[in-house]
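If you read the sequences in order, they're chains A and B. So the mapping is simple: this note's numbering equals the position in the first sequence, first residue as 1, plus 2. So the mapping is simple: this note's numbering equals the position in the second sequence, first residue as 1, plus 2. Glycine included, C-beta positions come from ideal geometry on N, C-alpha and C. These notes concern the structure reproduced below.
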Amino acid sequence: MQDILQRIAVCIERGKASLKSLYPPDMKGQEGVAELTEKALKKGISAQEVLNKGLIFGMHSIGEKFSRGDVFIPDLLIAAQAMNAAMELLRPRFESGEIHHKGTFIIGTVSGDLHDIGKNIVKIVMEGAGWEVIDLGTDTSTESFIKAIKNSPGALVGMSALLTTTMLNMEKSVRDIHVKYPYIKVIIGGAPITENFRKDIGADLYFPDPNKLVEYLKAGN
Amino acid sequence: MTSKQRFLAAINRETPDRLPVTAHHVLPYFLETQMNGISYQEFFDYFGLDPINWVVAYKPDPSRGEYFDPEQGELGFLEPPRICSDNWRIKTEEIQDPKYKTVRFNFETPKNNLSMVLQSDKHTTWVTERLIKDKADIDIIAEFFTVPLCDVEEVNKQAEAFGEKGMIRGFIPGFDVYGQPGCWQDAAVLYGIEQLILETFHDPQWVHTLLKILEKRKKAYVSSMEGAKFDIVEHGGGDASSTVISPKIFDEFVAPYDVELIELAHKAGQRIVYHTCGGMMPLLEKIADMNPDAAETFTPPAMGGDADLKEAKKRIGDRLCIIGGFDQFHYFKDCTPEDTRQEVRRCFEEAGDGGGYILAPSDHFFNAEIKLLRAYAEEARKCEY
């Protein structure tokens, strides 16, 4: 059992989605995450175990390497694509309640900002850590954040900005969210964001790196 | 020294009289909203910065049946004139949008038509619909694209008028709409950076084919630059930074194409600055190996980059001129003039030793306080050799 879960984790880390995937070249012709996940479920391994000990373990491993600067965004993107191949298979089990996400994370690039690669990386790392991510996209209005919170009242909210001009729009969104939902934690990030800026606008948390957010949440915060 | 001599000394890795100090781009938004609408050149004079004059001078090649796009309106900031042919017509169409100015660009060819959509606000412009929607679209581009050539006479006319005042800067042309200098950067605009990265894994040959098409168009321009009196020509782009791609992708998909253009530019007597707004540290030697004359922007960690100027100077300072490294997010706003002066000193102490360094913000800025810009310029002028 351990063996197949380890193989799933390795396939995630290497970005091997399925048997058909040509990448990575040294794994050509080998089973990928999709086939191994199916096989594991058929063997009677619980979906929760496949998720935690295979998929999340693999994503955690690549995420740590990313944090250390040993791998780069392309490695995360290809790993996320491999993870998605398994998540498609697990989706009905999430819907039936057989397995659960660790929580819900609403994310969007702040109003006026069209940059999405940073937001997408946070999304990948959070999904890889077992969270359900509701991606509101770019140029997200305060109203869109509030609507999403209304539909997922226990969610955490993440907000990103790349520009010094658009980061200022975070203040309004954070303030309006806190007025309506004082208990909701709003986490901010992006190239120009600093801890001092977080304090100034009243956001709850700031992380310079998505893995630090995951570590914070894993610590039970 | 004149500003021009000062710039050229630094680019040639010689020691100027003092630290050259400038601004990469000065955006129209900033000049209009915070400088009472003064002109681009008045901005440099007002603060006593070493001026840059961007020159965009294209011409069509009539022997290819190409001509200036008769439908293009007034050119925006650094917007080049578009070149069309009977087989490559560009039609624009305004789309009603409640928030942003939205324009669709339709590329009409004898085969399929292509299109892309741009949006803009008071600060900037961005792509909302990519040109390449289907992989086969690149065959259309390859068959019908037009080629801008350098209008050497116009460049030299502007260079002569500018004289010793400062540096004449150009760029390697990108695609007709929202184009970028580097081949990879241009491809990222046309296809989307995440999609392009994933294709390097799934269909690397297709990515190479696209890059070759874009490179061919740029090569024609670069070859035509011979005799043009640019002081430096921009190449590259931030999508080839290590905060977006890996060194492996840089080696396989960026360097092989961009280095050929640098070689060709050198043959045409031009100097190249390789622009990498984003992470650079894992790529420093790879950038230097392409043999550009200068590299920028050395974005510091506090702005989302990773530049360690001192380390960069040690590793590649003997191979090219370093431009940038100043943190404009934190030292052009919300700090004291003394903080700004200290940031200038930091940059000078870390990268200025022996020359070969031009102080500049790490790319453009939207907002800045006048007193801080003044402190920036004044302190830099005191950094003498």
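Go ahead and label residue i buried or exposed: buried means 16 or more other beta carbons lie within 10 angstroms of its beta carbon, across all protein chains shown.
| i | result |
| --- | --- |
| histidine 102 (chain A) | exposed |
| serine 98 (chain A) | exposed |
| aspartate 329 (chain B) | buried |
| valine 181 (chain A) | exposed |
| alanine 388 (chain B) | The first residue shown for chain B is 3 and the last is 387, placing residue 388 (chain B) beyond what the model contains. |
| alanine 362 (chain B) | buried |
| glutamine 98 (chain B) | exposed |
| proline 62 (chain B) | buried |
| proline 72 (chain B) | exposed |
| arginine 200 (chain A) | buried |
| lysine 220 (chain B) | buried |
| aspartate 77 (chain A) | buried |
| tyrosine 185 (chain A) | exposed |
| arginine 8 (chain B) | buried |
| asparagine 153 (chain A) | exposed |
Express the C-alpha separation of residue j and residue i in angstroms, rounding to a whole number.
| i | j | result |
| --- | --- | --- |
| threonine 106 (chain A) | glycine 271 (chain B) | 58 Å |
| serine 225 (chain B) | leucine 216 (chain B) | 15 Å |
| leucine 24 (chain A) | arginine 9 (chain A) | 17 Å |
| lysine 316 (chain B) | cysteine 385 (chain B) | 20 Å |
| aspartate 211 (chain A) | isoleucine 92 (chain B) | 42 Å |
| leucine 200 (chain B) | leucine 79 (chain A) | 7 Å |
| threonine 148 (chain B) | alanine 49 (chain A) | 55 Å |
| aspartate 341 (chain B) | asparagine 198 (chain A) | 16 Å |
| threonine 104 (chain B) | serine 122 (chain B) | 7 Å |
| asparagine 213 (chain A) | valine 112 (chain A) | 21 Å |
| serine 364 (chain B) | isoleucine 325 (chain B) | 8 Å |
| serine 225 (chain A) | lysine 6 (chain B) | Only positions 3 to 223 of chain A appear in this structure, which leaves residue 225 (chain A) out of reach. |
| tyrosine 378 (chain B) | aspartate 336 (chain B) | 14 Å |
| glutamine 32 (chain A) | leucine 53 (chain A) | 21 Å |
| lysine 30 (chain A) | proline 183 (chain B) | 36 Å |
| proline 82 (chain B) | leucine 120 (chain B) | 16 Å |
| alanine 221 (chain A) | glycine 194 (chain B) | 36 Å |
| histidine 125 (chain B) | glutamate 96 (chain B) | 19 Å |
| leucine 219 (chain A) | methionine 118 (chain B) | 41 Å |
| glutamate 76 (chain B) | alanine 222 (chain B) | 25 Å |
| proline 155 (chain A) | tyrosine 259 (chain B) | 50 Å |
Judging by CA-CA distance, which residue of the options is the nearest neighbour of residue i?
| i | options | result |
| --- | --- | --- |
| alanine 59 (chain B) | B:Pro150, B:Val275, B:Glu381 | B:Pro150 |
| aspartate 206 (chain A) | A:Pro194, A:Tyr183, A:Ala193 | A:Tyr183 |
| methionine 305 (chain B) | B:His332, B:Gln43, B:Asp355 | B:His332 |
| lysine 288 (chain B) | B:Gly307, B:Ala242, B:Val246, B:Glu34 | B:Ala242 |
| glycine 192 (chain A) | A:Gly110, A:Glu134, A:Gly130 | A:Gly110 |
| isoleucine 136 (chain A) | A:Ala157, A:Asp118, A:Gly130, A:Arg70 | A:Ala157 |
| phenylalanine 146 (chain B) | B:Asn114, B:Glu34, B:Phe45 | B:Asn114 |
| histidine 117 (chain A) | B:Gly78, B:Glu196, B:Lys221 | B:Glu196 |
| glycine 130 (chain A) | A:Lys104, A:Gly139, A:Met172, A:Val112 | A:Lys104 |
| aspartate 291 (chain B) | B:Met227, B:Ala362, B:Glu262 | B:Glu262 |
| glycine 132 (chain A) | A:Leu21, A:Glu51, A:Gly31, A:Ala36 | A:Glu51 |
| lysine 159 (chain B) | B:Phe252, B:Ala230, B:Thr245 | B:Ala230 |
| tyrosine 359 (chain B) | B:Tyr259, B:Tyr387, B:Gln182 | B:Tyr387 |
| asparagine 89 (chain B) | B:Gly240, B:Ala144, B:Gln43 | B:Ala144 |
| leucine 286 (chain B) | B:His204, B:Arg273, B:Phe252, B:Asp233 | B:Phe252 |
| leucine 1 (chain A) | B:Phe368, B:Arg383, B:Arg376, B:Glu380 | A question about residue 1 (chain A) goes unanswered here, because the residues of chain A that appear run from 3 up to 223. |
| lysine 250 (chain B) | A:Arg95, A:Lys220, A:Ile75 | A:Ile75 |
| proline 294 (chain B) | B:Met282, B:Ala309, B:Glu265 | B:Glu265 |
| alanine 257 (chain B) | B:Gly239, B:Val28, B:Arg106, B:Arg8 | B:Gly239 |
| alanine 156 (chain B) | B:Asn14, B:Pro284, B:Ser248, B:Met227 | The residue asked about is misnamed: residue 156 (chain B) is glutamate in this sequence, not alanine. Checked all of B:Asn14, B:Pro284, B:Ser248, B:Met227; the closest Cα to glutamate 156 (chain B) is B:Met227. |
| aspartate 72 (chain A) | B:Asp260, B:Glu44, B:Ile247 | B:Ile247 |
| serine 63 (chain A) | A:Val127, A:Ile47, A:Glu37 | A:Val127 |
| threonine 94 (chain B) | B:Ser117, B:Arg15, B:Asp355, B:Phe107 | B:Phe107 |
| tyrosine 31 (chain B) | B:Glu380, B:Leu374, B:His366 | B:His366 |
Between residue i and residue j, which are expected to be in contact by the criterion C-beta below 8 Å, what is the C-beta distance as a whole number of angstroms?
| i | j | result |
| --- | --- | --- |
| valine 191 (chain B) | valine 129 (chain B) | 6 Å |
| valine 216 (chain A) | glycine 60 (chain A) | The pair is not a contact, with the Cβ atoms about 14 Å apart (cut-off 8 Å). |
| threonine 144 (chain A) | aspartate 178 (chain A) | 5 Å |
| tryptophan 186 (chain B) | phenylalanine 255 (chain B) | 6 Å |
| leucine 7 (chain A) | lysine 55 (chain A) | 4 Å |
| valine 176 (chain A) | glycine 204 (chain A) | 6 Å |
Next on the checklist: Below 8 Å, how does it come out for the region 155–172 of chain B and the region 49–58 of chain B: are there three or more Cβ pairs, yes or no?
Outcome noted: A contact exists between the region 155–172 of chain B and the region 49–58 of chain B.
Next on the checklist: Under 8 Å: do the region 291–309 of chain B and the region 268–282 of chain B share three or more Cβ pairs, one atom per stretch?
Outcome noted: Touching, yes.
Checklist entry - Does the count of Cβ pairs from the region 122–139 of chain B and the region 121–128 of chain A closer than 8 Å reach three? => result Touching, no.
Next on the checklist: Counting beta carbon pairs with one atom in the region 35–55 of chain B and one in the region 63–72 of chain B, are three or more of them shorter than 8 Å?
Outcome noted: At 8 Å Cβ cutoff, the stretches do not touch.
Checklist entry - Using 8 Å as the threshold, is the region 143–163 of chain B in touch with the region 33–50 of chain A, meaning 3 or more CB pairs across them? => result Contact fails: fewer than three Cβ-Cβ distances are below 8 Å.
Checklist entry - For the 8 Å Cβ check, are there 3 or more pairs between the region 339–347 of chain B and the region 308–325 of chain B? => result Output reads no: the region 308–325 of chain B does not touch the region 339–347 of chain B.
Next on the checklist: Taking contact to mean 3 or more Cβ pairs, one atom from each stretch, closer than 8 Å, check whether the region 42–53 of chain B and the region 13–31 of chain B are in contact.
Outcome noted: Flag = yes, the region 42–53 of chain B and the region 13–31 of chain B touch.
Item to check | Touching by the beta-carbon criterion (3+ pairs, under 8 Å), the region 67–85 of chain A and the region 10–20 of chain A | outcome: Below 8 Å, enough C-beta pairs join the region 67–85 of chain A and the region 10–20 of chain A to call them touching: three or more.
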